Amino acid sequence: MDAGRAWMALLALPGLGRQRARRLAAALGGPAAAWRAPAEDWLAAAVAPREVLLRAAAARDRIDPERLARRVAAAGVDWVAWDEPAYPRRLRTIPDPPLILYYRGRAPAEGVPWVAVVGSRRASPYGVQLAHRLAGDMAAAGWVVVSGLAVGIDAAAHRAALAAGGRSVAVLGHGPDRVYPEEHRALAERLAATGWLVAEYPPGTPAEAFRFPERNRILAGLVDGVVVVEAAPRSGALVTADLALAAGRAVMAVPGPVTRRQGEGIMELLRAGAPPVATWADVAAVLGDHGLGGV
0 MDAGRAWMAL LALPGLGRQR ARRLAAALGG PAAAWRAPAE DWLAAAVAPR EVLLRAAAAR
60 DRIDPERLAR RVAAAGVDWV AWDEPAYPRR LRTIPDPPLI LYYRGRAPAE GVPWVAVVGS
120 RRASPYGVQL AHRLAGDMAA AGWVVVSGLA VGIDAAAHRA ALAAGGRSVA VLGHGPDRVY
180 PEEHRALAER LAATGWLVAE YPPGTPAEAF RFPERNRILA GLVDGVVVVE AAPRSGALVT
240 ADLALAAGRA VMAVPGPVTR RQGEGIMELL RAGAPPVATW ADVAAVLGDH GLGGV
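Going left to right, the sequence shown walks through residues 0 to 294 as numbering that gives the first Met the number 0 numbers them.
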């Protein structure tokens, strides 16, 4: 059994989760060995309370890793495990990387800058214009534009990258066989055809509110830098910015109208020292100052 199938199966067990599964695999010689190990070895590893490990071990008899893999493939979805060579190298460096990524499309090359363009769902025409210009110029320069497929700034960034003939990555808060919001189905299909739709959730996983903050750590971890274009206080875009800073990524802010609530989060970033950017050249200079850029 390969690593991907083993991680799939371990993550399907009740109560185990990413961190416990990772510790169990580390204690027992890898994910495949952990899956095959007797319950006594799981208890000896002591990666979770005894009752949790007993419940998870009992559930193994009802889970077939090969069947899980067939379901994923039948949905038109591929996968890569974090201990396989094809796993994105930037993402390995964050504190809690996904054990497995499910995806549609093809991952862009990693030897060029990857930059996230994120921001408000209630974007102003100004914000949409700036996001479109920045993402389009990045894509035209051969960079990879990353965002979250949401309405507003995210969609503007994806569309601009595609219009420039570039590559774009959408990090999803649900299974990669689903689309949220539904109005972005055509956009998602274009991204799957020329870019990458990626999630840590298997096919069939619905969009639920708690998954989106969790996916933001992946968005932040995949990139060299994050550009925030309009953001309200305590918004998801600011969460992504905080996660990016914690992972050592560059965080930049596009100055915007201070009379709108979506400008308040930008002011927070600027006061905290985020470099202001308005053009592709500005972003390139910031990445250069940080020694980043994917090369």
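Even glycine gets a Cβ: it sits at the ideal position worked out from N, Cα and C. Just so we're clear, the structure is a prediction, and the values are computed from it rather than from any experiment.
Report yes if the CB atom of residue i is closer than 8 Å to the CB atom of residue j, and no otherwise.
{"i": "residue 17", "j": "residue 46", "result": "no"}
{"i": "residue 96", "j": "residue 8", "result": "no"}
{"i": "residue 104", "j": "residue 195", "result": "yes"}
{"i": "residue 202", "j": "residue 166", "result": "no"}
{"i": "residue 268", "j": "residue 228", "result": "no"}
{"i": "residue 187", "j": "residue 162", "result": "no"}
{"i": "residue 277", "j": "residue 253", "result": "yes"}
{"i": "residue 122", "j": "residue 138", "result": "no"}
Tell me which same chain residues have a C-beta within less than 7 Å of the C-beta of residue i, skipping the five on either side of it?
{"i": "residue 93", "result": "216, 220 and 246"}
{"i": "residue 82", "result": "2"}
{"i": "residue 173", "result": "179, 198, 200, 204, 205, 206 and 210"}
{"i": "residue 293", "result": "Low confidence applies to residue 293: its pLDDT is 47, below 50, so where it sits in the model is not reliable enough to give any reading."}
{"i": "residue 41", "result": "23, 52 and 56"}
{"i": "residue 149", "result": "120"}
Taking the alpha carbon of residue i as the point to measure from, which residue in the options has its own alpha carbon closest?
{"i": "residue 283", "options": "177, 224, 256 and 191", "result": "224"}
{"i": "residue 256", "options": "125, 211, 271 and 144", "result": "125"}
{"i": "residue 266", "options": "244, 231, 287 and 241", "result": "231"}
{"i": "residue 205", "options": "213, 233 and 179", "result": "179"}
{"i": "residue 200", "options": "129, 78 and 41", "result": "78"}
{"i": "residue 66", "options": "4, 238 and 182", "result": "4"}
{"i": "residue 129", "options": "151, 51, 285 and 33", "result": "151"}
{"i": "residue 90", "options": "273, 248 and 253", "result": "248"}
{"i": "residue 80", "options": "59, 171, 156 and 10", "result": "10"}
{"i": "residue 31", "options": "51, 59, 50 and 42", "result": "59"}
{"i": "residue 155", "options": "144, 131 and 164", "result": "131"}
Alpha carbon to alpha carbon, how far is residue i from residue j?
{"i": "residue 54", "j": "residue 36", "result": "15 Å"}
{"i": "residue 279", "j": "residue 100", "result": "29 Å"}
{"i": "residue 27", "j": "residue 61", "result": "21 Å"}
{"i": "residue 56", "j": "residue 13", "result": "9 Å"}
{"i": "residue 133", "j": "residue 76", "result": "30 Å"}
{"i": "residue 38", "j": "residue 44", "result": "10 Å"}
{"i": "residue 193", "j": "residue 127", "result": "22 Å"}
{"i": "residue 190", "j": "residue 0", "result": "31 Å"}
{"i": "residue 29", "j": "residue 237", "result": "36 Å"}
{"i": "residue 175", "j": "residue 48", "result": "32 Å"}
{"i": "residue 71", "j": "residue 117", "result": "29 Å"}
{"i": "residue 157", "j": "residue 141", "result": "14 Å"}
Take residue i and list the residues in its own chain whose beta-carbon comes closer than 6 Å to its own, dropping the five residues that flank it on each side.
{"i": "residue 153", "result": "146 and 147"}
{"i": "residue 243", "result": "219, 225 and 250"}
{"i": "residue 86", "result": "79"}
{"i": "residue 264", "result": "230, 231, 232, 234 and 237"}
Spell out the partners DSSP gives residue i in its beta bridges.
{"i": "residue 241", "result": "Note: residue 241 sits in no beta bridge, so no partner."}
{"i": "residue 78", "result": "101"}
{"i": "residue 166", "result": "143"}
{"i": "residue 196", "result": "103 and 169"}
{"i": "residue 252", "result": "227 and 275"}
By Cβ distance, which residues of its chain are closer than 8 Å to residue i, with the 5 residues on each side in sequence left out?
{"i": "residue 212", "result": "235 and 238"}
{"i": "residue 15", "result": "9, 23, 47, 51 and 55"}
Return yes when the C-beta of residue i is under 7 Å from any heavy atom of the ligand PLP, and no when it is not.
{"i": "residue 32", "result": "The ligand PLP is not part of the structure shown, which contains no ligands of any sort."}
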